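J.: Going by my numbering, the sequence shown opens with residue 979, and the numbers climb by one from there.
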Amino acid sequence: TIPALSKIKVTTDEVDLGQDNAGDSQSSAVLLPQLHTKIPNVVNSKGNYLYTDDGLEILDATGGAAVACIGHNNPRVKAAIVDQLDKIEYCYSQFFTTPPVEKLSRYLTESTGGLMSRVFIVSSGTEAIEAAIKMARQYFTELPEPQLQRIRFIARKQSYHGNTMGALGTGSHVARRAIYEPMLSPHVSHVSACYPYRGKNDSESDASYVARLAQELEDEFQRVGPDTVCAFVAETVAGATLGAVPPVPGYFAAMKEVCTRHGALFILDEVMSGMGRTGTLHAWEQEGVTPDLQTVAKGLGAGYMPIGALLIGKKVVDVLDHGSGAFVHSQTYQGHALACAAAYEVQAIMQEEDLLANVREMGDYLGISLQQRLGSHPNVGDIRGRGLFWALEFVKDKEKKEPFPAKSQLAKRLQATGVQKEFCISLIPGNGTADGKDGDHIILAPAYNTTRAEIDTIVDRTEKVIKAVLG
Ligand code: PMP
979 TIPALSKIKV
989 TTDEVDLGQD
999 NAGDSQSSAV
1009 LLPQLHTKIP
1019 NVVNSKGNYL
1029 YTDDGLEILD
1039 ATGGAAVACI
1049 GHNNPRVKAA
1059 IVDQLDKIEY
1069 CYSQFFTTPP
1079 VEKLSRYLTE
1089 STGGLMSRVF
1099 IVSSGTEAIE
1109 AAIKMARQYF
1119 TELPEPQLQR
1129 IRFIARKQSY
1139 HGNTMGALGT
1149 GSHVARRAIY
1159 EPMLSPHVSH
1169 VSACYPYRGK
1179 NDSESDASYV
1189 ARLAQELEDE
1199 FQRVGPDTVC
1209 AFVAETVAGA
1219 TLGAVPPVPG
1229 YFAAMKEVCT
1239 RHGALFILDE
1249 VMSGMGRTGT
1259 LHAWEQEGVT
1269 PDLQTVAKGL
1279 GAGYMPIGAL
1289 LIGKKVVDVL
1299 DHGSGAFVHS
1309 QTYQGHALAC
1319 AAAYEVQAIM
1329 QEEDLLANVR
1339 EMGDYLGISL
1349 QQRLGSHPNV
1359 GDIRGRGLFW
1369 ALEFVKDKEK
1379 KEPFPAKSQL
1389 AKRLQATGVQ
1399 KEFCISLIPG
1409 NGTADGKDGD
1419 HIILAPAYNT
1429 TRAEIDTIVD
1439 RTEKVIKAVL
1449 G
């Protein structure tokens, strides 16, 4: 029964999640990821540790979902938020601009040497992708000779770009799409991801693998009609579905060449892999390519405020500037002043403390340590990553690369085991697109200021979790 509104009291007391009584109307009002499970209630944090109401100190080896990249409870970021709160918390970006929006946007464009020359700031990664899709379409409608037939997108298999209808329809996460499939865009098709562990033949060189993937993209352009494609969309380092898969050398240069030849835009989704996660501010810097449109989110605000952004290449900006001069898209909370103030301070800290150098150094150390400690485990099929973004893919049979059955929910069990009191480590679980074809994986994505001692603890605890679940 719904309590009468007058009887609902706002309380400052500790909240009783009451999850042991799941299903009971008195249990948590929050829609938890799994309706009938108890998940830890985090009541405090410091640096790279989370504290739960039942006294656990959990090492946050993933910054949540690869978000909290400077650790928790940072006094400088808190002060920057309060300082902005004292001035103006929010005003509508269609009517006004504010210093934090300007500062953050300038920082982002300058970080690309001006190659990306304008920024559209939103509140999440999904919103950034939605904006990218619409921006790509608008670009073709405003060319001096409009190309209105361009309505298609080519994305990749095993990709994830977010969960609203446009973003979900762009990605190819089989399980997440399943019940919405009939409602998703018919104008998106998918080519193979660059996923050497399962995609590259043993006898194949990197160069011939890349040539094969570029040919597949070319064939897809031809199949759908090259002049009907708005853009090709890919994660620079694949994250949520495949788990930290860096591209093989030359892959993105070859893919961009196909796009450019057909006049389509080249969109890189760096929501997870960007803003320093892989050791350079933009993951594409390591690929020798520049996107026409780029999305960022997680490492931008480090979790202090919900924020994401679309970075818009000069080529696209020039067309819009000579066209309508406006983006046919807006959101109430775009360019939120508090979110931008927090993100700007996060970025200042990353620069002043030279955290990207630490990402590269500690990332190499994490990769080597994982390889040494877990490389020979019979169920660890692949260890891959870049910077402080690493994943372990698990297999039932190492020779045959045979995954565990999807219903065994191995990755979820590893994650749930990690937060038990014997282990106290957070791990990101995943299993390809949950269609049973790829192995389960876990991702490690520690904060950029992680120390060598913390990496040692992460590897120790990860090994302990794996041994507890798999032997
Ligand atoms: N794109 C990629 C590559 C992502 O990893 C994610 C989130 N995991 C998203 C888009 C969606 O971002 P958000 O959850 O902030 O909406």
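By construction, the Cβ of each residue, glycine as well, lies at the ideal position given by its N, Cα and C atoms. Every value quoted in this text rests on a predicted model; they were computed, and no experiment measured them.
Which residue from Ala1007, Lys1024, Gly1033 puts its Cα closest to that of Lys1399?
T.: Nearest option by C-alpha distance: Gly1033.
J.: Tell me whether Thr1273 is buried or exposed, calling it buried when 16 or more other Cβ atoms sit within 10 Å of its Cβ.
T.: It is buried - the Cβ of Thr1273 has at least 16 other Cβ atoms within 10 Å.
J.: So what's Gly1449 in DSSP terms, helix, strand or just coil?
T.: Three-state DSSP puts Gly1449 in coil, outside helix and strand.
J.: Over the uninterrupted beta strand (DSSP E) stretch that includes Tyr1027, give me the two end residues.
T.: Run containing Tyr1027: 1027–1030, per the beta strand (DSSP E) assignment.
J.: Give every residue of the same chain whose Cβ lies closer than 6 angstroms to the Cβ of Phe1292, excluding the five residues on either side of it in the sequence, and list them in chain order.
T.: It is worth fixing the name first, because residue 1292 is Lys in this sequence and not Phe. Same-chain partners within the cutoff: Ser1095.
J.: Could you check the C-alpha separation between Glu1248 and Leu1146 for me, to the nearest Å?
T.: Going from the Cα of Glu1248 to the Cα of Leu1146 covers about 16 angstroms.
J.: Tell me whether Glu1263 counts as near the ligand PMP, meaning its Cβ is closer than 7 angstroms to at least one heavy atom of that ligand.
T.: No.
J.: Quick one: which unbroken alpha helix (DSSP H) runs of 4-plus residues sit fully inside the segment 1128–1181? Chain order, please.
T.: Complete alpha helix (DSSP H) runs here, min 4: 1143–1148, 1152–1155, 1174–1177.
J.: Compare the beta carbon distance of Lys1379 and Ala1043 with 8 angstroms and say whether it is the shorter of the two.
T.: Cβ distance not < 8 angstroms, so Lys1379 and Ala1043 don't count as in contact.
J.: List in chain order: all unbroken beta strand (DSSP E) runs of 3+ residues lying wholly within the segment 1059–1139.
T.: Counting whole runs of 3 or more residues, the segment 1059–1139 contains the beta strand (DSSP E) stretches 1094–1100, 1130–1134.
J.: Kindly list the residues whose CB is nearer than 7 angstroms to the CB of Val1236, restricted to its own chain and excluding five residues on each side of it in sequence; keep chain order.
T.: The answer, listed in chain order, is Ala1192, Leu1195, Glu1196, Phe1199.
J.: Tell me which residues share the same chain as Leu1162 and place their Cβ nearer than 8 angstroms to its Cβ, disregarding the 5 neighbours each side in the sequence.
T.: So the list reads Met1143, Leu1146, Gly1147, Arg1155, once near-sequence residues are dropped.
J.: Compare the Cα-Cα distances from Tyr1393 to each of Asp1413, Trp1368, Ile1421, Thr1030 and report the closest residue.
T.: Sequence check: residue 1393 is Gln here, not Tyr. When only C-alpha atoms are compared, the closest one is Ile1421.
J.: Under 8 angstroms Cβ to Cβ from Val1097, same chain only, skipping five residues before and after it: list those, please.
T.: Excluding residues within five positions, the ones whose Cβ falls inside 8 angstroms are Leu1082, Ser1083, Leu1086, Thr1087, Ala1287, Leu1288, Leu1289, Ile1290.
J.: Going by C-alpha to C-alpha distance, which of Ala1315, Asp1061, Pro1174, Val1100 sits closest to Thr1075?
T.: For Thr1075, the nearest C-alpha among the options comes from Ala1315.
J.: State the CB to CB distance for the pair Thr1411 and Thr1206, rounded to an integer number of angstroms; the pair is presumed to be in contact (CB under 8 angstroms).
T.: 26 angstroms between Cβ atoms; not a contact.
J.: Report the three-state DSSP secondary structure of Phe1407 (helix, strand or coil).
T.: A small fix is needed here, since residue 1407 is Pro in this sequence, not Phe. Strand.
J.: So, for Asp1038: in the same chain, excluding its five sequence neighbours on each side, which residues have a beta-carbon less than 6 angstroms away from its beta-carbon?
T.: Asn1026, Leu1028, Ser1404.
J.: Can you check whether the C-beta of Leu1034 is within less than 8 angstroms of a C-beta belonging to chain D?
T.: Of the protein chains in the structure, only one exists, and it is not chain D.
J.: Taking the alpha carbon of Pro1347 as the point to measure from, which residue in Gln1387, Ala1369, Ile1285 has its own alpha carbon closest?
T.: Reading off the sequence shown, one finds Ser at residue 1347, where the question assumed Pro. Checking every option, the nearest Cα to that of Ser1347 belongs to Ala1369.
J.: Which residues mark the beginning and the end of the alpha helix (DSSP H) in which Val1324 is found?
T.: From DSSP, the alpha helix (DSSP H) with Val1324 extends over 1315–1330.
J.: Please name the residue, chosen from Lys1024, Asn1022, Ala1046, that lies closest to Met1250 on a Cα-to-Cα basis.
T.: Comparing Cα positions, the closest option is Ala1046.
J.: Helix, strand or coil for Glu1265, going by three-state DSSP, please let me know.
T.: Three-state result, Glu1265: coil.
J.: Mapping the DSSP letters down to three states, classify Asp1438 as helix, strand or coil.
T.: Reduced to three states, the DSSP call for Asp1438 is helix.
J.: Quick one: what's got a C-beta closer than 8 angstroms to His1168's C-beta in the same chain, skipping five residues either side?
T.: Excluding sequence neighbours, His1168 sits near Ile1132, Ala1133, Arg1134, Lys1135, Ser1137, Ser1150.
J.: Where does the unbroken alpha helix (DSSP H) through Cys1237 begin, and where does it stop?
T.: 1229–1239 is the extent of the alpha helix (DSSP H) around Cys1237.
J.: Checking the sheet assignment: what are the DSSP bridge partners for Asn1022?
T.: DSSP output for Asn1022 lists Tyr1029 as bridge partner(s).
J.: Check the DSSP bridge columns for Ile1361 and list the partner residues they point to.
T.: Ile1361 pairs with Leu1370.
J.: With distances taken from CA atoms, which of Pro1407, Val1215, Phe1401, Lys1376 is nearest Ser1386?
T.: When each option's Cα is compared against that of Ser1386, the closest is Pro1407.
J.: What residue from Asp1332, Val1437, Val1188, Pro1225 has the CA that sits closest to Arg1351's CA?
T.: The residue with the shortest Cα to Cα distance from Arg1351 is Val1437.
J.: To the nearest angstrom, report how far apart Pro1018 and Glu1323 are at their CA atoms.
T.: Rounded to whole angstroms, Pro1018 to Glu1323 spans 29 angstroms at the Cα level.
J.: Where does Val1337 fall in DSSP's three states?
T.: Residue state, collapsed to three classes: helix.
J.: With the cut-off set at 8 angstroms, would you say Leu1344 and Tyr1426 are in Cβ contact?
T.: Result no, Cβ atoms of Leu1344 and Tyr1426 do not sit closer than 8 angstroms.
J.: Helix, strand or coil for Gly1042? Go by DSSP, reduced to three states.
T.: In this structure, Gly1042 counts as helix in the three-state DSSP scheme.
J.: Nearest-angstrom Cα distance between Tyr1282 and Ile1059?
T.: Cα-Cα distance, rounded: 9 angstroms.
J.: Any idea what DSSP makes of Asp1205, helix, strand or coil?
T.: In this structure, Asp1205 counts as helix in the three-state DSSP scheme.
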